[in-house]
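Undergrad:
In this note's numbering, the protein residues as written are 32 to 356.
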């Protein structure tokens with residue numbers, strides 16, 4: 032076990048801070064190596080350690096992310112309390128998710144407080160968010176899974192990792208559902224919801240003060256869409272009529288549920304319950320999600336939005352087009 036001092040710091044933490052201060056005062060890594068009598072490769076590793084521990088925070092003020100006209104137009108159109116814009120240097124999906132995750136984590140950590148219940152619907156975007164969390168000293172925080180699991184019988188490693196990161200960052204207690212997200216019948220879903228453990232989790236999800244989620248376009252949710260419990264006719268209907276899903280509930284362009292029967296077999300927080308949660312943080316971007324983001328905002332399923340600038344401008348244009356009809 033690594034020894035820590037009264038500040039909770041290791042010897043490596045102290046070294047990394049000294050290296051970081053010298054490096055950002057303008058010295059080269061070679062000069063620092065000579066001053067501290069540390070090898071050049073170790074200087075690089077210590078700088079990486081300082082960033083990972085949160086000792087070093089690099090801030091870039093990008094005017095594109097402070098576009099007041101765009102932010103205010105989206106806030107006004109959808110009655111949003113807050114809009115955060117991100118402008119990743121590249122338009123690859125992984126770069127968009129990383130930028131969204133960092134901004135989403137910053138927004139979320141500024142809101143979460145002692146005694147909160149936090150609902151989370153896992154996705155790759157939310158995975159990027161949890162990976163960006165910094166530790167915050169909190170008490171009595173509950174983190175609750177608000178939808179069943181895509182992969183059963185066991186949870187996949189990515190989902191478990193995200194909930195572990197939430198637990199460690201918030202010193203929280205985690206509550207998982209432990210059942211598939213789509214069931215074979217509405218009766219099977221009701222039976223599971225009556226189980227004491229599931230009933231307790233779902234009650235906590237409904238009263239969560241904050242819910243973190245993303246949305247998926249029909250093209251981006253292949254794992255869900257190709258669940259063996261979604262039949263071919265349902266799949267074809269969704270591909271033709273749905274713009275995407277919110278917490279596994281497939282919706283059309285106006286935000287209405289596409290297939291009521293499938294919706295009644297979907298285990299997790301309902302869309303009416305989601306609307307009633309106090310703080311609903313939607314973290315989503317990429318042009319393929321434009322329509323489903325619009326539908327989610329139209330129906331009031333979010334009051335805070337984290338989105339990339341390109342998609343935000345397209346969302347603004349789509350909103351103006353819809354309003355002019």
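Glycine included, C-beta positions come from ideal geometry on N, C-alpha and C. On a predicted model such as this, the values are computed, not experimentally measured, just so you know.
Residue 72: buried (16+ other C-beta within 10 angstroms of its C-beta) or exposed?
TA: exposed
Undergrad: List, from N- to C-terminal side, the beta strand (DSSP E) runs of 3 residues or more that fit wholly inside the segment 224 to 265.
TA: 241 to 244
Undergrad: Can you name the start and end residues of the beta strand (DSSP E) that residue 116 belongs to?
TA: Note, residue 116: beta strand (DSSP E), 113 to 117.
Undergrad: I'd like the list of long-range same chain contacts for residue 207, defined as Cβ closer than 6 angstroms, with 5 residues on each side in sequence excluded.
TA: 176
Undergrad: Do the segment 163 to 172 and the segment 252 to 261 touch if we need at least three Cβ pairs shorter than 8 angstroms?
TA: Segments in contact, no.
Undergrad: Just the Cα atoms here: how many angstroms apart are residue 149 and residue 79?
TA: 31 angstroms
Undergrad: Between the segment 194 to 206 and the segment 267 to 278, can you find at least three pairs of beta-carbon atoms closer than 8 angstroms?
TA: no
Undergrad: Write down the C-beta distance between residue 261 and residue 213 rounded to the nearest angstrom, noting that I regard them as a contact closer than 8 angstroms.
TA: About 6 angstroms separates the Cβ atoms of residue 261 and residue 213, confirming a contact at the 8 angstroms cut-off.
Undergrad: Suppose you measure from the CA of residue 400 to the CA of residue 334; what does that come to, to the nearest Å?
TA: The question about residue 400 has no answer, for the chain in this structure spans 32 to 356.
Undergrad: Excluding the five sequence neighbours on either side, which residues of its own chain have a C-beta within less than 8 angstroms of the C-beta of residue 352, listed in chain order?
TA: none
Undergrad: What does residue 299 pair with, by DSSP beta-bridge criteria?
TA: 178
Undergrad: Nearest-angstrom Cα distance between residue 119 and residue 100?
TA: 20 angstroms
Undergrad: Just tell me which of 187, 74, 45 has its CA closest to the CA of residue 59.
TA: 74
Undergrad: Okay, do the segment 89 to 97 and the segment 300 to 315 touch, 3+ Cβ pairs below 8 angstroms being the bar?
TA: no
Undergrad: So residue 81 and residue 51 are in contact, right, with Cβ under 8 angstroms, and what is the actual spacing, rounded?
TA: 4 angstroms
Undergrad: Just curious, the beta strand (DSSP E) that residue 277 is in, first and last residue?
TA: 275 to 277
Undergrad: Assign residue 328 to one of two classes, buried (16 or more other C-beta atoms within 10 Å of its C-beta) or exposed (fewer than that).
TA: buried
Undergrad: So does residue 356 have its beta carbon nearer than 7 angstroms to some heavy atom of the ligand ATP?
TA: Judged by which ligands are present, the structure shown has none, so any question about the ligand ATP falls away.
Undergrad: With 16 as the cutoff for other CB atoms within 10 Å, does residue 188 come out buried or exposed?
TA: It is exposed - the Cβ of residue 188 has fewer than 16 other Cβ atoms within 10 Å.
Undergrad: Terminal residues of the continuous alpha helix (DSSP H) containing residue 80?
TA: 71 to 83
Undergrad: Cβ of residue 241 within 8 angstroms of Cβ of residue 310?
TA: yes
Undergrad: Three or more beta-carbon pairs under 8 angstroms between the segment 116 to 136 and the segment 227 to 242, yes or no?
TA: no
Undergrad: Spatial neighbours of residue 197 within its chain, please: C-beta separation below 8 angstroms, excluding the five flanking residues on both sides.
TA: 149, 151, 161, 164, 174, 203, 205
Undergrad: If residue 289 sits next to residue 282, beta carbons under 8 angstroms apart, how far is it from one beta carbon to the other, in whole angstroms?
TA: 6 angstroms
Undergrad: I'd like to know whether the C-beta atoms of residue 349 and residue 305 end up nearer to each other than 8 angstroms.
TA: no
Undergrad: Please report the straight-line C-alpha distance between residue 142 and residue 243, rounded to a whole angstrom.
TA: 12 angstroms
Undergrad: So, for residue 229: in the same chain, excluding its five sequence neighbours on each side, which residues have a beta-carbon less than 7 angstroms away from its beta-carbon?
TA: 208, 210, 223
Undergrad: Enumerate in chain order the residues of its own chain whose CB-to-CB distance from residue 220 is below 8 angstroms, with the five nearest sequence positions on each side excluded.
TA: Closer than 8 angstroms at the Cβ level, and outside the excluded window around residue 220, lie 214, 295, 296, 297, 298.
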